[in-house]
Every structure is written in C-alpha cells, then in structure tokens.
Amino acid sequence: MSIAAHMIGEGKVRLADNGEEYVVTFPSGYCRSILTTPWVELGGKCDITCPQSGYRAEVEFKCKQFWGTEQNMVVAQMYSPESKKAVLKVEGEWTNKMMAKWASGKHEVFIDVNKLPLYPKLCKPVAQQSRTESRRLWKNVTYNLKVIV
-16 MSIAAHMIGE GKVRLADNGE EYVVTFPSGY CRSILTTPWV ELGGKCDITC
34 PQSGYRAEVE FKCKQFWGTE QNMVVAQMYS PESKKAVLKV EGEWTNKMMA
84 KWASGKHEVF IDVNKLPLYP KLCKPVAQQS RTESRRLWKN VTYNLKVIV
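-16 is the number of the first residue of the sequence shown in my numbering; add one for each residue after it.
Listed below in structure tokens is the structure:
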C-alpha cells in the first residue's frame, strides 16, 4: 500500500554573497495509499549545519499518525555555536503555516507558505536539454500520464 524512498548522503548549498556553505541531510519520502487515493508525505530527521558560522538545525518531519488527521507536520530547532539549548524552535505544517518560538519567549509567524508569491519555473526547452536531464528523460512518461489520467 505504500512506497518509501530513504535518502542517503548529503547536499551542499553555497551562499556566495555570504561566504557560507550549508551541509544538508534529507528526510525520507513516502507515497501512501498507492492502490486507492495516493498521497505523499515526508518523514524522518535531517540536519542543516554551517561550518563557517557554527550554527546548526535539527529538523524532524512527522508522518501522519494512523488514527490522526494532522499531516505535513514539521518541528525544527536551531542552535547557535555557543548554546546547547535551542535558540529557536519552529513548528507547524510545511505546506501551510509555521510558528516560531525564540529562546527569549517571543512567538511569531515564521512563514505562511499560502502567502508566498508564485513564480514560474525557468527551464530550458526540452530540445535544448541533455539526454539525461529530468524533463527530457521523463518526457514520454509525463505525456502519457497526462493523457491517461
């Protein structure tokens, strides 16, 4: 009834203007109810660290409980280089609104993704992509999924 993809390894994001690099691990991805009404969720822990600043974050994506209704829940804690206690905790839905609670006690909206502007994807035309680029590689599958469904 479900399929899981467990991510192995890490990614790196470099912010050239800041001179910072972030090392990121990834949560697992799950496709649920694949024989009925399929849906996707993230689950598990990932870490984000910046060797230059010493800041780090622990992020946990929580899977939907069998009897529960909450989906897409995430809890993140950020630590400064000097602190063993989190300086910031963020909780909420990664598909909706997340709230921040600072070590000082201050509460505020961290992000509301429903209020973010939408931007069109910028992609090369399929004909200009190399043969192993995703959109070109999966072009026929995508077309047939659109036609069949």
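Glycine included, each C-beta is placed from N, C-alpha and C at the ideal position.
Could you tell me the alpha carbon to alpha carbon distance between residue i and residue j, rounded to whole angstroms?
i	j	result
Trp50	Leu25	18 angstroms
Gly88	Thr19	44 angstroms
Asn127	Trp121	10 angstroms
Val130	Val124	10 angstroms
Met82	Gln111	42 angstroms
Asp30	Leu71	15 angstroms
Ile94	Lys84	12 angstroms
Ser15	Glu53	The sequence shown places Arg at residue 15, not Ser. So the two alpha carbons sit approximately 15 angstroms from each other.
Ala59	Lys107	35 angstroms
Arg(-3)	Pro64	19 angstroms
Asn79	Asn55	9 angstroms
Asn211	Cys33	In the structure displayed, the chain extends from -16 to 132; residue 211 sits before or after that span and is not available.
Gly37	Lys67	12 angstroms
Val42	Leu99	21 angstroms
Lys47	Gly(-8)	25 angstroms
Leu101	Val92	20 angstroms
Glu76	His90	16 angstroms
Can you give the beta carbon distance from residue i to residue j, rounded, assuming they're within the 8 angstroms contact cut?
i	j	result
Ala(-13)	Tyr5	No, Ala(-13) and Tyr5 are not in contact; Cβ-Cβ is about 26 angstroms, not under 8 angstroms.
What is the DSSP secondary structure of residue i, counted as helix, strand or coil?
i	result
Ala59	strand
Tyr38	coil
Lys45	strand
Val70	coil
Thr125	helix
Ile(-9)	coil
Lys98	helix
Ile31	strand
Arg136	An answer regarding residue 136 cannot be provided, because it is not within the stretch -16 to 132 covered by the chain.
Ile17	coil
Leu25	strand
Leu120	helix
Looking at the strands, I want to know which residues DSSP matches up with residue i.
i	result
Gly12	Ala(-12), Leu25
Leu(-2)	Glu3
Val92	Met82
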